[in-house]
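In order, the protein sequence lines correspond to chains U and Y. Residue 415 in this note's numbering sits at position 253 of the first sequence; the count goes up by one each step and never skips. Residue 161 in this note's numbering sits at position 142 of the second sequence; the count goes up by one each step and never skips. All residues carry an ideal CB built from backbone N, CA and C; glycine is no exception.
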Amino acid sequence: MPVITMREALRQAMQEEMRRDPTVFLMGEEVANSDGAYKVSQGMLDEFGPDRVVDTPIAENGFAGLGVGAAMAGMRPIIEFMTFNFSLVAYDQVINGAAKVYQMSAGQYRCPIVFRGPNGHAENLAAQHSTSADSLYAHFPGLKVVSPSTPYDATGLLKTAIRDDNPVIFFESELMYAHKGEVPDAEYLIPFGQAELKRDGTDVTLITWGKPVHTCLAAAAQLEAEGISAQVLDLRTLRPLDHDAIFNAVAKTHRAVVVQEGHLFAGVGAEISARIMESAFDLLDAPVLRVTNRDVPQPYATNLEKLVVIDSARVAAAARTVMGRS
Amino acid sequence: MPDFPLPPPLPASPLPDLDKAGLLPLWEQMLTIRRVEEMAAKAYTERKILGFCHLYIGQESVAVGAAAACRPEDRWVTGYREHGQAMAKGVPPRAMMAELFGKRTGAAHGLGGSMHIFDQSVHFMGGYGIVGAQCALGTGVAWSLKHLRTGAVCLTWFGDGAANQGAFFESMCLAQLYRLPVVFVCENNLYAMGTSVERSSALTDMSLRGLGVGMMREQIDGFDVENVRHRMGAAIEYARAGQGPVIVEVVTYRHRGHSMSDPAKYRKPGELEEKKKSSDPTVITELRLRELGATEAELAAIRERVEVVAKDAYEFADASPPPDPADLYRYTYAPART
């Protein structure tokens with residue numbers, strides 16, 4: 163099976179869908195002539211031409227809203243945010259427009275659109291370029307929210323996102339674009355709402371999605387050396403959420419740690435933790451813990467940044483705590 | 020003179036003048052909007068219509084004149100003062116009023132309400148409640164109309180208040196850059212909520228904002244439905260021909276407050292009375308019809324028909340059932356097409 167990078171896997175999904183459906187187009191800042199800020203769309207302008215791979219001015223509110231209107235009128239836009247930090251300028255178009263128009267119109271207008279781009283911190287990007295927007299988008303009914311952790315999942319989930327008739331928020335990561343993994347040449351799709359156990363284990367479940375999946379896998383390896391068997395559940399999509407997979411994992415290990423980027427307060431981790439408490443309280447041998455970025459805006463300096471972002475040591479420490487071994 | 024090339028003036032109207040037979044239906048549409056809106060005001064005071072309710076009374080000539088210059092396949096996207104636009108585009112008064120009443124027979128099954136009227140069958144793509152945001156939606160609709168080669172145009176409506184929003188400016192930038200078939204229609208009714216246009220903007224002709232992106236523009240008188248039809252026709256056919264977007268500012272005046280709860284005390288003393296006397300679009304067109312030879316009997320017959328339609332809309336809405344609670348989650352997500 164070919165081994166490709168995450169950025170190539172994302173490109174493969176877009177290329178396949180654009181070849182399949184002439185109404186799909188990609189729009190965003192520097193996606194055409196410059197191949198995208200992170201080279202995700204490299205070569206796509208040559209293949210599909212400037213009507214389908216479209217550079218925009220720096221006007222996120224405008225081109226996100228343009229995408230929503232285009233989706234309502236029969237096309238299937240992929241809107242690239244250079245990063246999800248800048249999506250906040252377009253938040254109104256996504257929340258008040260894309261997420262709500264199907265209901266406001268009583269089903270008369272669908273909004274098949276994908277908003278994609280890197281989310282969360284990278285390295286030394288400081289406060290305004292390190293936002294994790296997961297909880298900002300997962301909060302709203304009407305949106306679907308996807309966050310792959312591997313090239314294989316990225317291709318399968320992005321193809322599903324492009325074919326979905328609802329607005330989809332698709333989170334990528336600057337720190338994962340160069341990650342490599344096996345992606346088959348043959349076409350496949352991954353349905354939304356299906357978590358995947360990225361590592362099996364018996365003592366504690368680390369529940370996570372996106373980039374922290376790798377942090378959790380590293381923590382699980384550390385824990386194994388200490389005789390703790392940790393399993394890593396990758397949610398893959400936050401809306402729809404695979405509640406059954408969460409329940410089954412907790413029923414198996416009776417201990418869970420939720421690991422998310424972004425802030426602790428009112429994060430998606432709180433939602434998952436609450437659901438476990440509501441549906442699986444009697445199965446728990448210890449309270450569910452959350453490991454998140456610290457509750458401060460991201461600092462620039464390397465030593466402070468390391469204190470803020472989650473790492474495998476903090477995940478492992480939380481796992482020891484729920485195991486009663488701290 | 021500015022040191023950049025100004026876009027040329029909007030061309031002459033491509034439409035022939037209307038005779039009496041052509042103008043009578045436009046007058047009837049304006050009266051229908053007027054009477055249905057007055058019925059809505061009555062229903063609001065009876066608490067049959069709740070929440071926000073922004074009436075179009077005084078501006079009827081703008082929507083009716085624009086509709087007369089459109090083809091059926093042209094799309095409209097607009098703000099929340101949209102009852103009159105919806106009816107002018109072809110939303111039946113019954114479905115419009117039932118939506119205001121929050122009934123399942125409404126244009127959006129009671130899910131949208133006064134600010135969110137939708138009717139795909141006549142390409143009325145919605146009223147929106149976030150001031151100015153709809154400008155970007157209309158620009159995107161025009162993107163698809165162009166690339167799907169439909170030959171249709173999107174009219175994107177907003178008010179003088181929205182002309183200060185960033186979404187409006189970004190939309191103009193994109194529409195002009197991509198030469199999209201969109202006509203931005205700014206209804207300048209002189210007040211953004213309770214703030215007069217002079218107190219909102221140093222430049223009060225909002226169409227001039229188009230010059231900043233190189234867009235063809237015109238400010239027009241909106242009280243005469245024939246003038247609106249001609250000038251909108253020029254703008255719409257320019258956009259349809261693929262030459263790019265146009266911004267038209269239509270000067271108009273609303274007779275009611277911003278919403279039903281607004282007594283409009285911010286107007287200058289005597290202003291409303293003067294405007295009603297000099298600039299009521301239904302009166303202006305009635306006078307024109309008399310010049311064209313319309314008889315008292317013809318006009319009276321239309322008034323009677325309009326009365327029946329408005330009363331019928333109210334009674335239909337009142338008698339209709341509310342939405343089915345079982346449908347609460349039905350439209351949160353679109354199901355996959357089979």
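The Cβ atoms of valine 172(Y) and alanine 87(Y) lie no closer than 8 Å to each other. Scanning Ala252(U), Glu285(U), Ile324(U) for the CA closest to the CA of proline 239(U) turns up Ile324(U). Glycine 224(U) is not a Cβ neighbour of threonine 185(U), given a cutoff of 8 Å. Nearest to asparagine 246(Y) by C-alpha distance, out of Ala155(Y), Pro35(Y), Asp224(Y), Asp138(Y), is Pro35(Y). Exclusion of the five residues before and after proline 341(Y) leaves Gly121, Lys122, Arg123, Gly129 as the residues of its chain whose Cβ lies within less than 8 Å of its Cβ. When the Cα atoms are used, alanine 338(Y) and methionine 115(Y) turn out to be separated by approximately 14 Å.
Taking a contact as a CB-CB distance under 8 Å, the pair isoleucine 438(U) and valine 419(U) does not count as one, their CB atoms being some 11 Å apart. With respect to the C-alpha of serine 441(U), the residue from Pro459(U), Ala478(U), Ala463(U), Val412(U) having the closest C-alpha is Val412(U). Counted as a single uninterrupted DSSP element, the beta strand (DSSP E) harbouring glutamate 423(U) occupies residues 418-425. Neighbours of valine 172(Y) in chain U, taken as residues at a C-beta separation under 9 Å, are lacking, since the least C-beta distance is about 12 Å. Segment contact: the region 311-318 of chain U against the region 264-281 of chain U, fewer than three CB-CB distances shorter than 8 Å; contact not assigned. Take the alpha-carbon of asparagine 258(U) and the one of alanine 479(U): they are about 41 Å apart.
For leucine 174(Y), the secondary structure class from DSSP, reduced to helix, strand or coil, is strand. The alpha carbon of glutamate 101(Y) has as its nearest neighbour, out of Val325(Y), Arg66(Y), Pro112(Y), the alpha carbon of Pro112(Y). For isoleucine 352(U), the three-state secondary structure derived from DSSP is coil.
With respect to the C-alpha of arginine 278(U), the residue from Ser474(U), Val193(U), Asn455(U) having the closest C-alpha is Val193(U).
Valine 419(U) has a beta carbon lying at 8 Å or more from every beta carbon in chain Y. Along the region 128-147 of chain Y, the positions whose C-beta sits under 7 Å from a C-beta of chain U are His128, Leu130, Gly131, His135, Phe137, Gln139, Met144, Gly145, read in chain order. Within the same chain, Cβ atoms closer than 7 Å to the Cβ of glutamine 184(Y) are found at Val150, Gly151, the five residues on either side in sequence being excluded. For a cut-off of 8 Å, the C-beta gap from isoleucine 321(Y) to leucine 43(Y) is around 7 Å, short enough to register as a contact. Chain-ordered listing is empty here: chain U has no CB closer than 8 Å to the CB of threonine 124(Y), the nearest sitting near 11 Å. Out of Leu119(Y), Met49(Y), Tyr147(Y), the CA that lies nearest to the CA of threonine 97(Y) is found in Tyr147(Y). Bounds of the beta strand (DSSP E) holding glutamate 268(Y) are 265-270. When secondary structure is reduced to three states using DSSP, lysine 39(Y) falls in the helix class. The beta carbon of serine 219(Y) sits closer than 8 Å to those of Asp179, Gly180, Asn183, Ala211, all from its chain and outside the five residues before and after it, given in chain order. With 16 or more other Cβ atoms from the protein chains shown falling within 10 Å of its own Cβ, methionine 191(Y) counts as buried. Relative to the Cα of asparagine 208(Y), the nearest Cα in the group Leu227(Y), Ala62(Y), Arg275(Y), Leu29(Y) belongs to Arg275(Y).
Of all residues in the region 218-251 of chain U, the ones placed with a Cβ closer than 9 Å to any Cβ belonging to chain Y are Thr218, Pro219, Ala221, Glu222, Asn223, Gly224, Phe225, Ala226, Gly227, Leu228, Gly229, Val230, Gly231, Ala232, Ala233, Met234, Ala235, Gly236, Met237, Pro239, Val251, in chain order. For valine 256(U), the nearest beta carbon of chain Y is not closer than 8 Å to its own beta carbon. For proline 274(U), same chain residues with a beta-carbon under 6 Å away, outside a window of 5 residues either side, are Ala233, Arg238, Asp327 in chain order. Comparing C-alpha distances from glutamine 384(U) to each of Leu469(U), Asp473(U), Ser203(U) shows the shortest one belongs to Asp473(U).
With contacts defined by Cβ atoms closer than 8 Å, tyrosine 75(Y) and glycine 109(Y) do not form a contacting pair.
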